[in-house]
Amino acid sequence: MNEGKYWDEGIMLVPGCTKVSEGCDHCWSESMSKRTGKGFEPRFDEKQLARFGKGKPRIISIWNDLFHECVTDEQIMDAFIAMTLAGDNIYLILTKRAWRLKDYSALLDSPNIWLGVTAENQARWDERVPQLLAANPAHPWVMCEPLLEEIKRPRNIEKLHWVVAGEETGKSKRTIEEAVLRALLWDADAAAVPFWGKAGYGESDRAYPPALLHHLGKH
Ligand code: SF4
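Here's what the structure looks like:
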């Protein structure tokens, strides 16, 4: 199954992590770390910041969770400064620790930084999307992968700049009906929010936000 990759390069700024909610149960990053014999102890790897400025403008996905409790205010500040200095790139940041975002509102208005939260079910949508929007990032987005149940009330979806969604992948994946995925696509369409379908969708359901492409000079 095509998993619908939407970034050019992943940079592991925070190797390791700890589980925080239902979507973490089959953590891909943890499996990869175990497979390659690396530990999964969370830490900030500042050496990775030097990679931002190398290469042509591209979409960089920041792994794992930059807002993990182990990452200090100063380290988060260093990461945002490095992203701003290498401003030709787009940075996709995804967190499940949305409660930390309110402390960083002043850092989140760069047009090349797309800050998102994961919402794997209705409860996490209701909890994290308001926390994301309250931080007032330049480009708020939501990742609904692994989508574990129908999000019947995607409140404030019209305030988002992008929705990415898909079912879980891997041997022990928790499957969902295609109709559940489609319902979210329709909600995004109705709110005129670009939608990118990962596993469980066809390629025709994959759109980048125009502002993201414009920043990379592709639109
Ligand atoms: S937050 Fe992400 S990286 Fe961390 S344990 Fe959960 S799924 Fe894995």
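Here the sequence shown stands for residues 937 to 1155, numbered as in the working numbering. Note that beta-carbon positions come from the ideal geometry of N, C-alpha and C, so glycine has one too.
For Ile1017, the secondary structure class from DSSP, reduced to helix, strand or coil, is helix. Within 10 angstroms of the beta-carbon of Pro1146 lie fewer than 16 other beta-carbons, which makes it exposed. In the three-state reduction of the DSSP assignment, Gly1153 falls in the coil class, being assigned neither a helical nor a strand state. Going by beta carbons, Leu985 and Val950 fall outside the 7 Å limit.
Shown here, Tyr1027 sits in a strand according to DSSP, grouped into three states. The beta carbon of Ser1108 sits no closer than 6 Å to any heavy atom of the ligand SF4.
Classified as exposed, Pro1047 has fewer than 16 neighbouring CB atoms from the shown chains inside 10 Å of its CB. Contact check for Trp1077 against Gly1052 passes: the beta carbons are separated by less than 7 Å. Counting only residues of its own chain and dropping the five nearest sequence neighbours on each side, Gly989 has a CB closer than 6 Å to the CB of Ala1022. Relative to the ligand SF4, Lys1088 has its C-beta separated by 6 Å or more from all heavy atoms.
Rounded to the nearest angstrom, the Cβ distance from Ala1127 to Glu1094 is 4 Å, consistent with a contact under 8 Å. In the three-state scheme derived from DSSP, where H, G and I count as helix and E and B as strand, Arg979 is classed as coil. Between Leu1037 and Ala1015, the C-beta gap is not smaller than 7 Å, which leaves the two residues out of contact.
Taking all protein chains in view, the Cβ of Ser969 is crowded by 16 or more other Cβ atoms within 10 Å, so the residue is classified as buried. Under the three-state reduction of DSSP output, Trp1077 falls in the strand class. In the DSSP annotation of this structure, the continuous segment of the alpha helix (DSSP H) that includes Ser965 starts and ends at Trp964 to Arg971. Just measuring C-alpha positions, the residue of Gln1067, Thr1054 and Ala1042 sitting nearest Val956 is Thr1054. By alpha-carbon distance to Glu982, the top candidate from Lys1134, Asp1024, Tyr942 and Glu1010 is Glu1010.
Ranked by Cα distance from Trp1061, the first of Leu1043, His1150 and Ala1101 is Ala1101. Out of Ile998, Asp1045, Thr1008 and Ile1017, the CA that lies nearest to the CA of Leu1028 is found in Ile998.
Contact check for Ala1042 against Gln1067 fails: the beta carbons are separated by 7 Å or more. Distances from the alpha-carbon of Gly952 to those of Gly973, Tyr942 and Gly940 put Gly973 closest.
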